[in-house]
Amino acid sequence: EVQTLEKGEIPSNKYMTLSAKASQFDRAELAIELLEEAQKQAEADLKITERLAEYYAQKAEFGNVERVLKQYVDRVREQSPDKHIEALRQVANWSKRRQNYTLAQYFYERILELDENNPRTLLELAEIQTSQNKIDEIRITLERYIKASRREDPALNDAARIYRRLRMFKEAEELYKELIKKEPAKLVYANNLADLYLRQSRYDEARPLFETALAQLRGLEGDTSPNTIVTMSNLALLYEKMALYDLALPL
């Protein structure tokens, strides 16, 4: 069946079908050859690209993985220029899911060359840099992200979350304090700051935040709400750390 098909006249789904058949019969090289031909002859197809990249990843041929993904992006740019950024994001996300963080970072950075102040991409890039523990780059990217997001609360909270994960407590503390100043009624920010202090053994600073949050949550949501229970557990842990066992036991 493969031999009777003429190159350039096979729809992409046919390539996929034949490649799957070849794989079923342990013809991995033929399966790859068919998908490679599809990359050249058929319309740009993400499923074909992902399947081919997966084959090469399984063989640890990461140079070919990169080539295939870049080839897909180039074909999309040629065939549908308005979908260029979307294609870059698709292959960046695929690389991220496969924990190929270096390649994911490469594609996110290509997006930012085309749209340098895109908050979504800046946050995705910061997450990738976090996975690689690139501290200096993370600071720069998160500063760009916050600025591009006009210092809106979700962006400040995202950045604080990343800083906290990396134990960059000073940076996280500054952002939580800014959030509390802007939204004093939003208890999650006070809770997060208290947890930050708890992690640093700054118990005297954590205590009033947890106690105030717990009192308000009990009044607003009751003792059985998930938020109340989590705060209660955190406060009990804090009391134990401070050797205030009489206060911890009732919680």
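So the sequence shown is numbered by the numbering used here: it starts at 177 and just counts up by one. Positions of the beta carbon are idealized from the N, C-alpha and C atoms, including for glycine.
As summarised for the segment 262-312, the continuous alpha helix (DSSP H) elements at least 4 residues long and confined to that stretch are 277-290, 295-307, given in chain order. Residue burial annotation: lysine 223 is exposed, with fewer than 16 other C-beta atoms found within 10 angstroms of its C-beta. Methionine 344 and glutamate 262 have their C-alpha atoms roughly 32 Å apart. Within the segment 392-423, the complete alpha helix (DSSP H) runs of at least 4 residues fall at 402-417. Secondary structure at glutamine 255: helix, using DSSP grouped into helix, strand and coil. Annotation: glutamate 359 is outside any alpha helix (DSSP H) and is labelled neither H nor E by DSSP. Taken in chain order, no unbroken stretch of beta strand (DSSP E) lies wholly in the segment 208-242 with a span of 3 residues or more. When only Cα atoms are considered, lysine 362 and serine 409 end up about 19 Å apart.
Here alanine 220 is near tyrosine 248, since their CB atoms are less than 8 Å apart.
Ranked by Cα distance from glutamate 303, the options Gln255, Asp312, Ile338 are led by Ile338. Counting the other CB atoms within 10 Å of its CB gives glutamate 242 a total of 16 or more, which places it among the buried residues.
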